[in-house]
Every structure is written in C-alpha cells, then in structure tokens.
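Protein chains in written order, with our numbering: chain A, 1 to 101; chain B, 102 to 304; chain C, 305 to 1092.
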Amino acid sequence: MEVTTGWYLALGAVLFTIGALGLLVRRNPLVMFMCVELMLNAVNLTFVALGARLGDLGGQIAVFFVLVVAAAEVVVGLALVVAILRRRPGATADDLAVLRG
Amino acid sequence: MELAVFIISAVIVLVGAVGVIASRNPVHSALFLVQTLFGIAVLFVLLEAPFLAAIQVIVYAGAIVILFLFVLMLLGVDRAEDWNVEPIGGQRPLAVVAAASLLGILLSVMLAATDAVTGQPAANEAIDPEMSNVRQLGRSLFSTHVVAFELTAVLLTIAVVGAVVFARKVKGELEPIPELVPLQDEIAMTRAAAADPDEEVTH
Amino acid sequence: MLDIIWLIPAFPLAGAVLLLLLGKRLGEPLAGWLATFAMGGSFVAAVLVFIGLLDRESEARVAHQVLFTWVPVGDLSVDVGFLADPLAITMTLFITGVGALIHLYSIGYMHGDPGFHRFFLYLNLFAFSMLVLVLGDNMLLTFLGWEGVGACSYLLISFWFTDDKNATAGKKAFVTNRIGDFGFMLAMFLVFVTFGSLNYLDVIEGAELGMVETTATAITLLLFVGAMGKSAQFPLYLWLPDAMAGPTPVSALIHAATMVTSGIYLLTRMNPVIAESADWVPTTVAWVGVFTALFAATIAIAQNDIKKVLAYSTVSQLGFMFLAVGTGAYVAAIFHMVTHAFFKALLFLGSGSVIHGMHEDQDMRHYGGLRKFMPITAATFILGWLAIAGVPPFSGFWSKDEILVYAWNDSPALWVVGIITAVLTAFYMSRQVFMTFFGRYRYADPTLEEVVEAWAAKEEKAQARVAAAAEQAATARAAIDEARGGIAGAESALAEARAELAAAESALTDAGDADEKELKKLQKAVDKATKSVEKAEAAHADAVAAVPAAEATAEAAEAEIATARRDAELVGAGAGKAATASGGSLFAPADATGVEDDLPHDVEHRRHHHPHESPWMMTLPLVVLAVLSAVAGFLNLPFTKWWHHLEHWLEPSLHGNEAHLDLSGSMKWILAFVAMGGAAIGITVAALTYLKGRLDARVFEQRPFAQGWWYDQAVSAFMGGPGRVLFQRTADADRVVVDGMVNGVAGGVGVVGTQVRRLQPGLVRVYALTVALGAALLLAWFLLRADF
C-alpha cells in the first residue's frame, strides 16, 4: 500500500483537531500555548505534504516562515504569561477578563 | 517500508498530541509535545524535506519546548489542573461539538477529495530533484523571498524587545489584577452610579 | 502695472497680521503708524493700478488676476481672483485714500486708549475685508469680504465692550445685517444655478446673452435685500444709528464712507442682471431709496446728539444713492458715493474732533460758538456742511443734482420727494453747524439737570433749616414749662418756710421764761426760718422772672419756623419750576438764579476748562478731506460732455445699462436752480431758527422726529412680544424634537450596548470557541458549495 498525500492530510486534520480541542478545554495558559503549537504543526504538515505532491518548494518556504512566527509568538506569549503570573500567581485563562464588555 | 515509517511516526505524533492535552501536569504536556514534534520531523524526512526536519528538531524541540519548560520551572506553575471543574458553562460540550465537526469535515475532504487536489507547480519554485534541498531553500529564501526573510528579522527583534518589556521587573508595587465580578452585578453597579451623578463612574 | 492688484488688499492684511503678532509690543503710537502706512501702501498700489488702467483703451479697462483656486467642488469652482475694472478701482481709491486719512486721524483720536493697538488691528482687518469685497472677481469672494466687514464692524462698534450699551449696539448691527446677508446668500445660490458660475465676468456675459425675466427679478430683489441690510435702508436701517456707539473714526470709515456703500456697489456691479429684471424692480429700489432718504432726514432734524444727526444723515444719503441706482443712474450713484465718502467722512471726523475737544460731550445743545476755540475743525466742517447741503460749487451739489435730474427723468414724483429731502438735508445740517459752531458759547452753562440738581440741594438745605427751627421752638417750650413748674415749687417752698417761721416765733413767745440757753436756741431757729423765708421769696421772684424770658425765646423760635417754612416753600416752588422748565434755549442759559452757589462742581470745572483744537494728526485729514469735498464735483460736471470724466471712466463697467437722459438743457438748468433754491430755503430757515431765534425750534423738532417715528420701539415691542413667543416655541420645538431625537438615539445605543456587552465576556477560551465554531460553519458552507 502506498502512502498518498491524503494520509498526510488526514493526519494533519486529526492533529489540528486535537490541538483545537485542547485549546478549548485546558485552562493553563502554558498548555494552551502548547496546543497552539500542535495546531501550527498540523498545518505545517499539510503544507509540506501538498508541496511534495505538487513538486513545489513554496510549501517548505511557508513552513519556514511559520516556524519563525511561531518562535516570535512563543517569546511574546511567554513573556505575557510571566508578567501575568507574577502579579497573580496560579492564574488561569479564565481569571483574566479585565477586557470584558 | 515507507508505509511502516509513516504509520509508526503517525502513531507517535497522535499519542504525543493526546498526551499534550490529556496530561494534568504541564511538564508532562511539554514532554509529550517534544514527542509529537519528533514525529513530525520524521514525516518531514519522509516528504523529502530534510532541512525542515532538522530545524523542526533544533528550533522546536530544542528551543521552544525548552523555553516552555524554563517558564514552568521559573514560575513553579507545574501543579496539576482540576479537571472536575469547568467554570464556563457549556464550554466542554460545545468544544467537543466544534472539534468533532471540524474533524469530520476536514477528514471527509482530505480523504475523499485528495484526487481533486489540482494545480501546477510554479515554474520558478519547482522542486529540482537534482539539487540539494538546503541549497534550493537557501536560493529561494535569499532571492524570491528576501524581503519577507528580512522582515522576519525585524519581527524577531520586535518580539525580543516586547518580551523584555513585558517580563521585566517593575519598580514598586504592581497593581493587582482585579477579581472577576459577575456581569449582572457589574451592570447593576454601573446603573446605580449613572443614577447618582455625584459619584464618579468608573466603568 | 496691473499685476500688482493683489498688493492692494495684501498691505492691510500684512498690517493686521503684524499688529496681531506685535501690536502690544509696538504700543502707542507705533501700532497706529504701522497701520497707517499699510493703508498708505495700499493707496499707492491702487493709484498705480489706476494709472495702469488709464493707460489702456476704454473697452480694455478690465484687469483680471487669479491667485489660486479656492473652492473646487464638482461644477462649482471658485477662485481667489481680483477684478480691477473702473468701478472696483473707483471704490478702491476712495476706500484706501479716505481709509489712510482716517487711520492717521485715529492716531490722534485714540490717544491714551488702552486698546490702541487692538483698534488699529481691527481697522486694518476691516480695510482688507472691504478691499476683498470690492476687488473680488466672484460673488463668493465678495461675500467673504461682506461678512468680513460685518465682523469688523461688530468688533469696532462694541470696541469699548465693557459698556453694556456698546456691546448691545454691536450685537444689534450684527443681527440686523444677518437678515440682509440671507438675501445675498440666496441670490448667490440662484446665480450659481442660473449661470453655473459665480464669477462676475461670466455672470455679466450670461446676463447680456439674455436670461429669464423672473430669475433676474428674483436675483435682483434678493441682492437688494442684502444691500438693504448692509447699506442701512428701510426697514433694516435701525442698526446704523446705534452703531454710533463705536469710536468716531469707526463711524467715519465704516458707517459713513465705505462699508455702508457696499450695497450700492453690489447692485451696480450686477447691473446687467437688473437690466434683465422686471420693470417694477428698479422702481421699487428707487422708491425704497427715496422713502428712506425722506424718513431718515425727518428724524435727523430733531436729534441732539451730534453723531446721531450724522448717522441719520448717512441713512438719508444712502437712500439718495439707491434712488439713483433705481432710476438707472449708476454714474450718479457712484458719483454721490464718492463725494459722500469725502464730505461725510469729513463731517464725522469733524464731529469726532469736536467731541474730543468737548471732553466726550456729544450733546449739541451744550456746544455753541465753538469756531473760536477750534478754528480748523470749524472751517473744514463748514466746507463739509456746504457740500452736503447742496451749495454750488461744492461737490454734494453736483452729485445730488445729478441724482435728482435722473429722478425727474424717471418720475417727477420721485423728484418731488427727493427735493423735499434735499431741503430737509440743508436744514438739519445747517442746524447742526449753527448749534455747534455759531451762536452763544454754552459749554459753561449749567444744564437743566444741573439746575434741577442745584434746586434740589437748596431745597434740602431749606428743609434742614425748618427742622432746626422746629427743634429750637420745642426746646423753648420745654423751658417755659420748666419755668412755670419752678414758680409753683418756689411758692410751696415759701409757704413752708413761712409756716416754719411762724412755728419758731410762737415757740419763742411761749418760752418767754425759759433759761438763757433754750432761748438762744429758739432765737437761732427763728433766724434760720427768717433766712429761709427770704431765700424762698428770692427763688420765687427768680422763677416768676424766668417765664417771660422763656416765652420770648419760644416766640423767636416760632418766628424762625415761619420764615424757614416760607423760604422752603419758595425754594420748593423754584425747584418745581426748574423741573418743568425747558432748561434754557440756545439763546439763554437755563435759569439758575437763586441757586448760583448750589450748582454742581462740574459747572465750575467747565468754566475754567475751555474746548481745545485737536492735534495735527486729526486736523490734517480734516483739511485734506475738506479740499476733496470742495472740488470732487469736478469729476462730473453737467455742463458739457467734455466734463463727464466719471461717466466716461465708468462706462466699461456699466455695459450700456446707464439710463438715457432725455431732458432739454433748459430743463436741467431749471432743476438745478430749484435744487439751489431748496438748499437756500433749508439754510435760511435753519439760520432764522437757530441763529437768530426768530422761529421756534419746537415747530421743527416734533416728537415723532425725535423718537424716530417710534420705529425702534415698535421693532423692540414686536420682538419682545409676539416675536419672543415665536422664538420660545422654536426653541421648545428644537429641544423636544431635535434634541429628543439625538438623545433618543443616544439612549437607544445605551440600552442596546448593555445587552450586547454580554457577548464580550473577556474570556479568551470563549472567543476561541466562537472562532472554532465559526470556522466549522464556514468549512461546512464551503463543503456544501464544493463541486467534486
């Protein structure tokens, strides 16, 4: 049996869903960040898979940039988490609702 | 052979992913994340993208996850989360509904319609089997995508500066984050303040 | 030389800006000199442009200079451009020329005023606005100037704004002018709809190609409404007399020479449109003009404030100009505008000089014989008087005669009203001159108020004397009572002493055989009793003697009361008489006999301080304007075609719309002689009344005249009564309907917002869930639309 592009895409879909579910259910901001990483990786996988299918380098280039943006996001996001937790130890995502309407 | 590698790494990836969201301890989540990222790196190799596989391991597993662990250790927030409580009513069932429908739709599209994937490789971005992957990526990044590449440098700089600004220690007492008041109560308070104009409205 | 047109308004604008920035630092008198030189520069530029135009052929005397595009909106494109044609340059020349003189004059007049630099800032700004009004090549630019002069007029009328009266006068002028501006704006809209342009050249060209009569009629009438406001015609004239609250140079510059003529300028500028309008429109203009002229002249007769006379005179002369415009005599209108600018500015400045010399007293009844004290002012004022009264060969005669000739040409009825007004003009101006510069010197006279005040003071004194006498009498009566009481006391004391003596004597007799010691004692008692009887007798005599003395004092006091009462009665009668008396006349001072010593100190002060002539900055403009007033008539003499300088000069601006005069030469001579006769009658009657006292002034100074036919009061009553109710209703409607809508919308937004805010819980996981559900829905939609 040959591994088709569809398999990779299906794996990416499952991985993305798991990540999304975790983001929606977990309350620890750090774990939520990890779930975001999962979702990004799922998308990366589909990029590379489709790039390979079409013989296009663009898929890999996109992944490269996603990596950079993910790194930047994690840096800023973790800094925010540090700043928040310093003011209020043990805070979860549900405790932060200052911007409520 | 290829099938075997795919199945093994897919299992690694999925187990790791489930582990990330199912571990009560965030440190365990981080370690499961490393597992997933490794699996993905293997799949990258399988898809003939060795350079991405390498930086996936180096940057993701080596740098980002280590950063997560650093923060966890630094703040000591590695205690377990209480799973029996869900403060937001209806969040879990709705989350499951959303995830299930997403999964259903994506799977049905990606499995059933793989043949419908069309499109032609761009002439100047085609993967050349004769040339090494790293060389090809390097050429593309530093010619076609040079502006975007330079902008990532700016982005990273800004991120670093932003992180320093957010995380540095501020002199003096920090203003505490206010406790959450139920919305009904808050509306009632605002109304009372509006009815009595002498009192200053804070919201 | 024609490309320096922009310099003409640029000079005063630069002056205004400099004064705004540096005015306070420059101070007095540098700020004034700066403003004056700005006006002088503007005048020089105007003269250069004038020479440049003279250099050209008559038909080519139009210079158009576009500086930049001001309002480019769709079809409407308005430039900031200047149009120098003979009409505009004529006005520019006298605006800058007279303006410069008035600036110079103001340096002297405003001496010592704390707002010195502010005054010149406003003056320069006014000059700039006026020049924009006149030189603007389109109606919108003219309107800009129109509003600019209105704003400056407001600022200058209420220049001494700390006085409530002045502030109110400024507001009145501003509000009244708004009504007229409304007409101008509507006319402007109509012009744009009709011609698709606001540029005068386009409008004139369009009108000459022919236009719908109704449109032309509407435009002309609306413009006339605008002109009525700015040029103070009935029924919108009522702001101008109040505008005299401003400093006198302002009255001269704005409310006599320049701004008020802009209505005539506008109508003259738009003469091709007037020519296309219905026949009755110019007739209406003429009749409104001549009615205003007569109406204002009657009021001017009975005014005692020197500036009020000139104000009503200005309204009247502007009426003459409208008469000329209405009869198609545009040249005559402009001619009269120029001569009027000279002599009315002269008269206002002269009155300012008089007021200055008279320590801010504006009542002509207090003047008299001033020609001895201020010879230059008097001489120049008399020249201005001869000019306005229509005495040949001074300028006013020629211009007014020209207007009257055209009026006769149009309709003899207009001429009759015009000539009556001319007679009245001669009369009231002569009255003013005679009251001010001739006759008895009345400055040191006590005024009626002062006499009444003196009588009141004297009455008070007399009453105080009566009161003092009454008090004295009361004291005397008390003394009599006391004396009478003293007699009774003395009598009883005497009886007592006698009884005591008798007792002592009988005791002595009874004790005939008693021992020596006892006898001695008794003898002593008898002696003592005898002494006390003697004393009591003396006291009694004293008391009896005291009564007549006290009675004499009381009598004297009563007599004093009687005299004091009689005196007080006399004083009271005098005071009553003084209160009802006419307060003297031009020929005799108010009767102050009997109260010479009780007059207020002001009178004494006036006796020692004489009126004085003004400084050279003020008299020099007077002299220049007097010369101009005398000779300006030579611009347009009626005798030969050769002398019609002004007519030839203005021809290109009038586009052949000047009325054609079909009168024989002899008819012109007759009309001229009748006008001269009218002036002579006016002056003679005034001389008989105010110089010789042969006629009673009260015959002429009727109450309706003095009260301005109660027009002002009627307007106030209407606005304060029914008008106020209407305004209140409008305000209520605004509050309920308009504010209600606005507040309702705001309240609705608040209600909706209170509900909608529940959608923003601030919880990031809820947002994420929303995104996830939304993404699922979007994907489902794509899937349904997909075509495999």
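We put the CB at the ideal spot given by N, CA and C, even for glycine.
Note that this is a predicted model, so its numbers are computed, not measured.
Asked                                                                                                                                                                                     : Found
Note down the Cα distance separating B/A118 from B/L256, rounded to an integer number of angstroms.                                                                                       : 28 Å
For C/A783, report the span of its beta strand (DSSP E) as first-last.                                                                                                                    : Segment L752 to D814 is the alpha helix (DSSP H) holding C/A783; no beta strand (DSSP E) there.
Write down every uninterrupted run of the alpha helix (DSSP H) in the segment 144-194 of chain B whose length is 4 residues or greater and which is fully enclosed by it, in chain order. : 151-156 and 166-176
Does any C-beta atom of chain C lie closer than 8 Å to the C-beta of B/A118?                                                                                                              : no
Cα separation between C/A843 and C/K765?                                                                                                                                                  : 43 Å
Give the residues of chain A in contact with B/A249, contact being defined as C-beta atoms less than 8 Å apart.                                                                           : F65
Taking only the alpha-carbon atoms, compute the straight-line gap between C/K839 and C/A771 and give it to the nearest angstrom.                                                          : 41 Å
Return the chain-ordered ranges of every alpha helix (DSSP H) run that is complete within the segment 688-754 of chain C and spans a minimum of 4 residues.                               : 699-714 and 716-741
Considering only the beta carbon of each residue, do C/A801 and C/A833 sit closer than 8 Å?                                                                                               : yes
Go through its chain and collect everything with a Cβ distance to C/L331's Cβ below 8 Å, but skip five positions before and after it.                                                     : This sequence places Gly at residue 331 of chain C; Leu is not what is there. Counting only Cβ-Cβ distances below 8 Å, and skipping sequence neighbours, we find F420 and H421.
Are any of the Cβ atoms in chain A nearer than 8 Å to that of B/Q136?                                                                                                                     : no
Cβ of C/F430 within 8 Å of Cβ of C/L408?                                                                                                                                                  : no
Taking DSSP as the reference, what is the three-state secondary structure of B/V121?                                                                                                      : helix
Does at least one heavy atom of the ligand GTP sit under 7 Å from the Cβ of C/A604?                                                                                                       : The ligand GTP is not part of this structure, which contains no ligands at all.
Could you give the residue range of the beta strand (DSSP E) that holds C/S381?                                                                                                           : L380 to A388
What do you reckon, are the CB atoms on C/N608 and C/R675 nearer than 8 Å?                                                                                                                : no
Check the Cβ of B/G231 against every Cβ in chain A and list those closer than 8 Å, keeping chain order.                                                                                   : It should be pointed out that residue 231 of chain B corresponds to Glu in this sequence rather than to Gly. Per Cβ cutoff of 8 Å: no residues; B/E231 is ~13 Å from chain A at best.
Exposed or buried, C/K945, counting other C-beta atoms within 10 Å across all chains shown (16 or more means buried)?                                                                     : exposed
Would you please verify whether the beta carbon of C/R1069 is less than 8 Å from any beta carbon of chain B?                                                                              : yes
So which residues of chain C does B/L203 contact, with C-beta pairs closer than 8 Å?                                                                                                      : A1076, A1079, A1080 and L1083
Assign C/W759 to buried or exposed, taking buried as 16 or more other Cβ atoms, counted over all protein chains shown, within 10 Å of its Cβ.                                             : buried
Could you give the C-beta distance for A/L23 and A/C35, rounded to a whole number, given that I count them as a contact under 8 Å?                                                        : 4 Å
Using the three-state DSSP reduction, which class does C/F465 fall into: helix, strand or coil?                                                                                           : coil
Which residue spans inside the segment 894-946 of chain C form an unbroken alpha helix (DSSP H) run of at least 4?                                                                        : 905-912 and 920-935
Which residues of the segment 6-33 of chain A have a Cβ closer than 7 Å to any Cβ of chain D? Give them in chain order.                                                                   : Here the protein chains are A, B and C, and chain D is not one of them.
Where B/L73 and C/D1038 are concerned, what is the direct C-alpha to C-alpha distance, given to the nearest angstrom?                                                                     : Nothing about residue 73 of chain B can be reported from this structure: the residues present for chain B run from 102 to 304 only.
Over what stretch of residues does the beta strand (DSSP E) that includes C/A604 continue unbroken?                                                                                       : Where C/A604 is concerned, there is no enclosing beta strand (DSSP E), although the alpha helix (DSSP H) it sits in stretches over W584 to I605.
Compile a chain-ordered list of the residues in the segment 183-196 of chain B whose CB is closer than 8 Å to at least one CB of chain C.                                                 : I189, Q192, L195 and A196
Look at the alpha carbon of C/H663 and the alpha carbon of C/L954, and state the distance between them as a whole number of angstroms.                                                    : 44 Å
So what's B/A227 in DSSP terms, helix, strand or just coil?                                                                                                                               : strand
Would you verify that the beta carbon of B/I288 is, or is not, closer than 8 Å to some beta carbon of chain C?                                                                            : yes
Using a Cβ cut-off of 8 Å, pull out every chain A residue sitting near C/L1073, in sequence order please.                                                                                 : L24
Please state whether DSSP places C/T480 in a helix, a strand or coil.                                                                                                                     : helix
From B/R292 to B/I189, what distance separates their C-alpha atoms?                                                                                                                       : 26 Å
Name the residue from C/R329, C/Y541, C/Y710 and C/Q666 whose alpha carbon lies nearest to the alpha carbon of C/P942.                                                                    : C/Y710
Would you please verify whether the beta carbon of B/V277 is less than 8 Å from any beta carbon of chain A?                                                                               : One detail in the question is off: residue 277 of chain B reads as Pro in this sequence, not Val. At least one chain A Cβ lies under 8 Å of B/P277.
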